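Residue numbers (this note's numbering), protein chains in the order written: chain A, 306 to 374; chain B, 13 to 145.
We treat Cβ as the ideally placed atom computed from N, Cα and C, and that holds for glycine.
These numbers were taken from a predicted model, which means no experiment stands behind them.
Take a look at the structure set out below.
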Amino acid sequence: MVSKEFQFYVKADFSKYKGRYIAIVDDKVVASGENAKEVWEEAKKKTGKIPTLAKIPKEEALILRLRWK
Amino acid sequence: MEIEFDFKEEESGLFGRILRPVARIILVNGEIELPEHVYIDSGADVTLISKSVGDILGFKIDDKDEVTEIKGVGERGVPIIVKKVKIKVGGKLFEARVAWALVEEVPLLLGRTDVFNLFDICFMKNEKTVFRD
Numbered sequence: 306m307v308s309k310e311f312q313f314y315v316k317a318d319f320s321k322y323k324g325r326y327i328a329i330v331d332d333k334v335v336a337s338g339e340n341a342k343e344v345w346e347e348a349k350k351k352t353g354k355i356p357t358l359a360k361i362p363k364e365e366a367l368i369l370r371l372r373w374k
Numbered sequence: 013m014e015i016e017f018d019f020k021e022e023e024s025g026l027f028g029r030i031l032r033p034v035a036r037i038i039l040v041n042g043e044i045e046l047p048e049h050v051y052i053d054s055g056a057d058v059t060l061i062s063k064s065v066g067d068i069l070g071f072k073i074d075d076k077d078e079v080t081e082i083k084g085v086g087e088r089g090v091p092i093i094v095k096k097v098k099i100k101v102g103g104k105l106f107e108a109r110v111a112w113a114l115v116e117e118v119p120l121l122l123g124r125t126d127v128f129n130l131f132d133i134c135f136m137k138n139e140k141t142v143f144r145d
């Protein structure tokens, strides 16, 4: 079952948060910033809930290929 | 177990609106549970998290940790330490190695190592990703 929060994440426009972390609770961005730990702690403090973290890409096109030696 | 995740529509300067495969996973380290949205990347050897995401999980650089490099497109490497965590996808919890980047400038990725061996992962025509174990 897909949560309300995931539906919000896939549908919302987060372009104003490019290159930043966001913390989502239900259907709201409750904190954002450049450090995931600070964002997550702030969101927990504000809401009393466990937020879901995301990082919004700033790249024009994501071409992701990681080679691990 | 089967779980589906819709693709996420995002803006690309080159291609306009573009659909990208994403998932909600939970990283578990001891008592800490961190839900995060990640890009599903079949081209990534390993799941990748940034420095400050590792800080949330309580990761420390130990004497026995080996700092190594991973590379993406191009030659610029990213310093990482391989750590073990538990990952929850849907109702399935499993142990996996992740690459903890020692920098912030990386995306959050779900890669193949210790993950793609556990699920059939099907990308359904720009619509959704299905995980089936």
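Residue i - partner residues in DSSP beta bridges
{"i": "W112 (chain B)", "result": "B:I61, B:I93"}
{"i": "I80 (chain B)", "result": "The question names Ile, but residue 80 (chain B) is Thr in the sequence shown. BP columns for T80 (chain B) point to B:I92."}
{"i": "N41 (chain B)", "result": "B:I44"}
{"i": "I133 (chain B)", "result": "B:F143"}
{"i": "K309 (chain A)", "result": "According to DSSP, which records beta bridges pairwise, K309 (chain A) is partnered with nothing at all."}
{"i": "E16 (chain B)", "result": "B:V142"}
CB contact below 8 Å: residue i versus chain B
{"i": "A336 (chain A)", "result": "no"}
{"i": "R325 (chain A)", "result": "no"}
{"i": "V379 (chain A)", "result": "With chain A represented from 306 up to 374, any question about residue 379 (chain A) goes unanswered, as that position is not in the structure."}
{"i": "K333 (chain A)", "result": "no"}
{"i": "K342 (chain A)", "result": "yes"}
Buried or exposed (CB count within 10 angstroms, at least 16 for buried), residue i
{"i": "K363 (chain A)", "result": "exposed"}
{"i": "I329 (chain A)", "result": "buried"}
{"i": "R155 (chain B)", "result": "The question about residue 155 (chain B) has no answer here: the residues shown for chain B are numbered 13 through 145."}
{"i": "E22 (chain B)", "result": "buried"}
{"i": "S320 (chain A)", "result": "exposed"}
{"i": "E14 (chain B)", "result": "exposed"}
{"i": "F17 (chain B)", "result": "buried"}
{"i": "K20 (chain B)", "result": "buried"}
{"i": "E139 (chain B)", "result": "exposed"}
{"i": "E48 (chain B)", "result": "buried"}
{"i": "K360 (chain A)", "result": "buried"}
{"i": "S62 (chain B)", "result": "buried"}
{"i": "L46 (chain B)", "result": "buried"}
{"i": "I82 (chain B)", "result": "buried"}
{"i": "I52 (chain B)", "result": "buried"}
{"i": "L358 (chain A)", "result": "buried"}
Cβ of residue i within 8 Å of any chain A Cβ
{"i": "D77 (chain B)", "result": "no"}
{"i": "E48 (chain B)", "result": "yes"}
{"i": "E23 (chain B)", "result": "yes"}
{"i": "D18 (chain B)", "result": "yes"}
{"i": "K83 (chain B)", "result": "yes"}
Interface partners of residue i on chain E, CB under 7 Å
{"i": "R36 (chain B)", "result": "Chain labels in this structure do not include chain E; the protein chains are A and B."}
The ligand NAD heavy atom lying under 7 Å from the CB of residue i
{"i": "E23 (chain B)", "result": "This structure simply doesn't include the ligand NAD, nor any ligand for that matter."}
**Request:** Note down, in chain order, all residues in the region 106 to 136 of chain B with a beta-carbon under 8 Å from any beta-carbon belonging to chain A.
**Result:** A111, E116, P119, L120, L121, G123, T125
**Item:** Contact the region 58 to 72 of chain B vs the region 106 to 115 of chain B: 3+ CB pairs below 8 Å
**Value:** yes
**Prompt:** Which of the residues in the region 57 to 71 of chain B, read from start to end, lie with their CB under 8 Å from any CB of chain A?
**Reply:** D57, V58, L60, S62, S64, V65, D67, I68
**Message:** Beta carbons nearer than 7 Å to chain B: which residues of the region 346 to 363 of chain A have them?
**Reply:** I355, T357, L358, A359, K360, P362
**Prompt:** Per the contact definition of three or more C-beta pairs closer than 8 Å, is the region 52 to 63 of chain B in contact with the region 112 to 129 of chain B?
**Reply:** yes
**Prompt:** Would the region 114 to 122 of chain B and the region 75 to 91 of chain B be scored as touching if the rule is three or more Cβ pairs under 8 Å?
**Reply:** Put simply, the region 114 to 122 of chain B touches the region 75 to 91 of chain B. At least three CB pairs are less than 8 Å apart.
**Request:** Determine contact between the region 30 to 41 of chain B and the region 95 to 103 of chain B, defined as no fewer than three beta-carbon pairs at a distance below 8 Å.
**Result:** yes
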